[in-house]
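This report refers to the structure that appears directly beneath it.
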Amino acid sequence: MNVFRLVADLLHLGSIFILIARIHQTRSCAGISLKTQALYFLVFVTRYLDLFTSFVSIYNTLMKLFFLALDTFRVEYVLVGAALFALVFPHKYKVVEILWSFSIYLEAVAIMPQLFMMTRTGEADNITSHYIFALGGYRALYIVNWIYRYYSEDKYSDYIAWVAGIVQTGLYADFFYVYFTRVLKGKEFKLP
Amino acid sequence: RQARQTHDEL
C-alpha cells in the first residue's frame with residue numbers, strides 16, 4: 106500500500122459520501138446524471154465479482170463491499186443488481202476476467218453523461234462539482250500509484266487498466282481546470 | 185516482469 110493509492114481510494118469513497126450528502130441536503134438529484142449512476146453500478150458489479158473467487162487482503166475485500174453496497178443504496182438499483190448477480194454468478198473464473206476488463210473500459214466512459222449534462226446546462230452546484238472532483242482525483246492518483254508500484258515492485262499493472270485509466274483521467278482535464286480556477290475560489294461551477 | 189493479478193486494486 107502506498108500513499109497515492111490510499112488517498113485515491115479514500116477520494117473514491119469520499120465521492121460517494123459527497124453525492125449522498127448532496128441528495129440529502131438539497132432533497133433533489135437535479136444535475137446528477139442518472140445514466141452515469143447506472144453505468145457506475147454496472148462498473149462495480151462486473152468488476153467486484155472477484156469477491157467470490159480471490160482474496161487479496163481485508164482492506165481490499167472491505168472496500169469492494171463498501172463500493173457495491175453504497176452504490177446500490179445510492180440509486181436504488183437493487184432489483185437490477187440482483188438480476189445481474191443472478192445472471193453472472195454461475196460463470197467461471199475466465200468470465201470474471203473478461204467482465205473485469207469490461208468494467209475497466211466502462212468506468213473510463215461512465216462519467217461522460219454527467220460531463221455532457223454539465224456542458225449542456227453550463228453549470229453545476231458546488232457539491233456536485235466536489236463529487237466529480239473526488240472521482241477525478243481518485244483516477245489521477247491511481248496513475249501515480251501505478252508509476253510508484255512499477256518501480257517499487259517487480260510486477261506491473263495490467264495494460265488495460267493503464268490505457269483506460271489515462272483516457273478516463275483525460276476526460277476530467279477540462280473539468281479540473283474549471284474546478285481549480287472557479288470552484289476553489291468560492292465561485293459557482295460555470296463553463297466559460 | 186509479470187502482470188499483477190487484476191483483483192489487487194479497486
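Protein chains in written order, with our numbering: chain A, 106 to 297; chain B, 185 to 194.
Even glycine gets a Cβ: it sits at the ideal position worked out from N, Cα and C.
Short CB-CB distance (under 7 Å) between residue i and chain B
| i | result |
| --- | --- |
| A/Ser234 | no |
| A/Tyr284 | no |
| A/Lys82 | Only positions 106 to 297 of chain A appear in the structure, and residue 82 of chain A is not among them; the question remains open. |
| A/Leu115 | no |
| A/Asp263 | yes |
| A/Val268 | no |
| A/Val108 | no |
| A/Asp279 | no |
| A/Asp230 | no |
| A/Val161 | yes |
| A/Lys295 | no |
| A/Met223 | no |
| A/Lys260 | yes |
| A/Met168 | yes |
Own chain partners of residue i with C-beta closer than 7 Å, once the 5 adjacent residues on each side are dropped
| i | result |
| --- | --- |
| A/Phe109 | Leu246, Val249, Asn250, Tyr253 |
| A/Gly270 | Arg244, Tyr247, Ile248 |
Buried versus exposed call for residue i [16 or more other C-beta atoms within 10 Å across all chains shown]
| i | result |
| --- | --- |
| A/Gln273 | buried |
| A/Glu293 | exposed |
| A/Ser262 | buried |
| A/Arg242 | Note that residue 242 of chain A is Gly in the sequence shown, not Arg. It is buried - the Cβ of A/Gly242 has at least 16 other Cβ atoms within 10 Å. |
| A/Lys169 | buried |
| A/Ala135 | exposed |
| A/Asp279 | exposed |
Sub-7 Å separation of residue i and residue j beta-carbons
| i | j | result |
| --- | --- | --- |
| A/Ser208 | A/Ile265 | no |
| A/Ala213 | A/Thr141 | no |
| A/Ile123 | A/Tyr236 | yes |
Neighbourhood of residue i by C-beta, 6 Å cutoff - its chain only, sequence neighbours within 5 removed
| i | result |
| --- | --- |
| A/Leu156 | Lys169 |
| A/Leu240 | Ser120 |
| A/Thr151 | Leu204, Phe207, Ser208 |
Pick out the complete alpha helix (DSSP H) segments inside the region 113–188 of chain A, 4 residues or longer, and give them in chain order. 139–152, 163–180
Taking only runs of the beta strand (DSSP E) that begin and end inside the region 265–293 of chain A, which ones reach a length of at least 3 residues, in chain order? none
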